[in-house]
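If you use my numbering, the sequence shown corresponds to residues 8 to 244, in order. We put the CB at the ideal spot given by N, CA and C, even for glycine. Treat the numbers as computed from the prediction; the structure is a model and nothing was measured.
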Amino acid sequence: MQLNIQNLNVSYGNIKALHGISFSVAAGEILTIIGANGAGKSTTLRAISRMIPCESGSVMEFNGRNILKYSADKVVSKLGISHVPEGRRIFGNLTVTENLTLACFARKDKDQIEADRKWVFDLFPRLEERRHQLAGTLSGGEQQMLAVGRGYMSGHQMMLLDEPSMGLAPLLMLDMFDALREINKLGTTILLVEQNARLALKFAQRGYVIENGSLVLEGPTDELLDNPEVKKAYLGA
């Protein structure tokens with residue numbers, strides 16, 4: 008397994024956010040974690056990215072390397088794990104091109120950086136059209152394209168995606184997930200947390216259901232789509 012998480016515990020002060028969750032992701036896989044607001048989805052991604060501390064006894068390994076030994080910036084630059092956060096978090100006062108360039112802060116492979124930028128612009132033609140435009144003036148859909156493109160530019164091994172469908176119109180939402188498939192086809196492993204459970208389960212190959220900081224269900228996504236409990240709680244059936 009490329010990513011191995013065992014007994015992951017996270018607290019915010021006296022509030023326990025994750026209760027010893029364990030899961031794994033294979034190289035090249037698309038895996039999703041679904042659940043209600045506040046269930047612990049975003050916390051899981053932030054823990055992997057080292058943006059928040061984990062409690063003693065937590066185990067996180069990526070390609071056999073102990074993630075807990077890396078700072079947040081080294082998770083990106085040394086391990087190749089990028090994080091596309093909820094709410095996009097782009098730099099609105101920088102242009103599209105400057106945002107993409109900043110994502111490569113630790114990279115030295117100039118030729119590959121240029122090739123990756125070209126590929127991002129091919130994937131999202133609207134970004135190329137607006138390459139000199141301030142990111143803060145882009146539409147919500149264009150900002151999400153930029154956030155994903157920036158994630159790709161910063162790390163190819165694995166991409167952590169937090170609610171990429173949020174705020175997007177239905178057609179843009181489908182276009183975004185088509186683009187993510189193209190990224191996955193190049194070999195990038197995808198770990199997706201998403202409140203739109205139906206969309207996430209149709210996109211991914213395997214899934215986990217998280218409730219109140221604990222993983223309660225797991226399996227192939229076609230099985231989860233047919234699961235009566237999942238249908239009742241998350242699919243409106």
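DSSP-derived helix/strand/coil call for residue i
| i | result |
| --- | --- |
| A113 | coil |
| F30 | strand |
| M67 | strand |
| G147 | helix |
| S18 | strand |
| G226 | strand |
| K238 | helix |
| A79 | helix |
| L101 | coil |
| L175 | coil |
| G156 | helix |
| K85 | coil |
| F128 | helix |
| A186 | helix |
Backbone CA spacing between residue i and residue j [nearest angstrom]
| i | j | result |
| --- | --- | --- |
| I28 | R95 | 26 Å |
| L153 | I22 | 34 Å |
| P171 | M165 | 15 Å |
| E68 | F30 | 11 Å |
| N191 | A34 | 10 Å |
| L7 | D129 | Nothing in the structure corresponds to residue 7, since the chain is present only between 8 and 244. |
| V237 | H139 | 44 Å |
| N234 | N44 | 20 Å |
| E230 | Y215 | 11 Å |
| N16 | F131 | 37 Å |
| I88 | L224 | 25 Å |
| S78 | K125 | 29 Å |
| G143 | Q150 | 8 Å |
| G243 | L222 | 20 Å |
Closest Cα partner of residue i within the set the options
| i | options | result |
| --- | --- | --- |
| I256 | Y19, N73 and I88 | This structure does not reach residue 256, given that the chain is present from 8 up to 244, and the question cannot be answered. |
| G158 | H90, G45, L86 and P177 | H90 |
| K209 | E218, M180 and G220 | M180 |
| M173 | Q119, A204, D118 and P227 | A204 |
| A207 | S221, T228 and E218 | T228 |
| L168 | M183, I74, E121 and C61 | M183 |
| R188 | E36, L25, I12 and Q9 | E36 |
| M160 | S146, L141 and E121 | E121 |
| V200 | L25, S65, P92 and V82 | P92 |
| G194 | E218, G162, T51 and R213 | G162 |
Residue(s) in a DSSP beta bridge with residue i
| i | result |
| --- | --- |
| P60 | Bridge partners of P60: none, in fact. |
| T196 | M165 |
| I40 | V200 and Y215 |
| S221 | E218 |
| L10 | V32 and F69 |
| H90 | L167 |
| L25 | V17 |
| L141 | T102 |
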